[in-house]
Amino acid sequence: MAALVRRIITTAKAPAAIGPYSQAVVVDRTVFVSGQLGMDPASGQLVAGGVQAQTRQALVNMGEILKAAGCGYGNVVKTTVLLANMNDFVNVNDVYKQCNTNFPARAAYQVAALPRNIDKHFTHISNGNAAAAKALTLT
Numbered sequence: 031m032a033a034l035v036r037r038i039i040t041t042a043k044a045p046a047a048i049g050p051y052s053q054a055v056v057v058d059r060t061v062f063v064s065g066q067l068g069m070d071p072a073s074g075q076l077v078a079g080g081v082q083a084q085t086r087q088a089l090v091n092m093g094e095i096l097k098a099a100g101c102g103y104g105n106v107v108k109t110t111v112l113l114a115n116m117n118d119f120v121n122v123n124d125v126y127k128q129c130n131t132n133f134p135a136r137a138a139y140q141v142a143a144l145p146r147n148i149d150k151h152f153t154h155i156s157n158g159n160a161a162a163a164k165a166l167t168l169t
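Note that our numbering has the sequence shown beginning at 31, numbered continuously upward.
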């Protein structure tokens, strides 16, 4: 059996990992993006402004990691959303739907707690394609 070839993705345009993990790992053409919080990459602190601002920042962070891996939101095939409060679901969706019009498969769960006492957490699995890389703009 051939050895598994992995490529670690790191970018300063997204927050550094807050534990022993990578921002993303590429295996063949599949990109596994670690969970992202609504943290400012420069300060490492959660952005102010509540659920929608933190959701927007988490998704911008994801977009920067995807771009560093040579792809973009159009390549995402699976998203997992973890929410500390399911009452935030509508506000999260209002921001999430701005990422793409060709939505991937997705699951959303309410959990008891998340790192740094945040309210939401996103992970993505993408099929990489450098030609599909694009900037993410959320308004």
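Ideal Cβ placement from N, Cα and C applies to all residues, glycine included. Source: prediction; values computed, not measured.
What does the alpha-carbon distance come out to for the pair residue i and residue j?
i    : j    : result
A83  : V77  : 7 Å
S52  : V35  : 15 Å
V120 : T85  : 11 Å
I48  : A72  : 14 Å
N132 : S64  : 21 Å
A98  : I39  : 7 Å
G68  : P45  : 9 Å
L96  : G104 : 10 Å
If I measure Cβ to Cβ from residue i and keep anything under 6 Å in the same chain, skipping five residues before and after, which residues do I get?
i    : result
R37  : V56
D8   : For residue 8 there is no data in the structure shown, the boundaries of the chain being 31 and 169.
C129 : L89 and Y103
Y139 : L112
M116 : Q140
Buried or exposed: which applies to residue i, given that a residue is buried once 16 or more other Cβ atoms fall within 10 Å of its Cβ?
i    : result
K127 : exposed
D50  : For the record, residue 50 in the displayed sequence is Pro; it is not Asp. Burial call: exposed.
V141 : exposed
So residue i packs on residue j, CB below 8 Å; how close in whole Å?
i    : j    : result
K108 : A135 : 5 Å
Closest to residue i by C-alpha separation, out of the options, would be which residue?
i    : options                  : result
K43  : A32, A54, N91 and F62    : N91
A54  : M116, E94, N115 and L113 : E94
C101 : A32, A33 and F62         : F62
L112 : A33, Q66 and D58         : Q66
Between residue i and the rest of its own chain, which residues show a CB-CB distance below 7 Å, the 5 nearest in sequence each way excluded?
i    : result
D124 : Q82
A33  : none
T41  : Q53, E94, I95 and A98
Q75  : M69
With respect to 8 Å, is the separation between the Cβ of residue i and the closest non-hydrogen atom of the ligand ATP below this value?
i   : result
L67 : By its list of ligands, the structure shown contains no ligand whatsoever, and the ligand ATP lies outside what it can speak to.
Identify, in the order they occur along the chain, each residue of the same chain with its Cβ nearer than 8 Å to the Cβ of residue i, setting aside the five sequence neighbours on each side.
i   : result
D58 : V35
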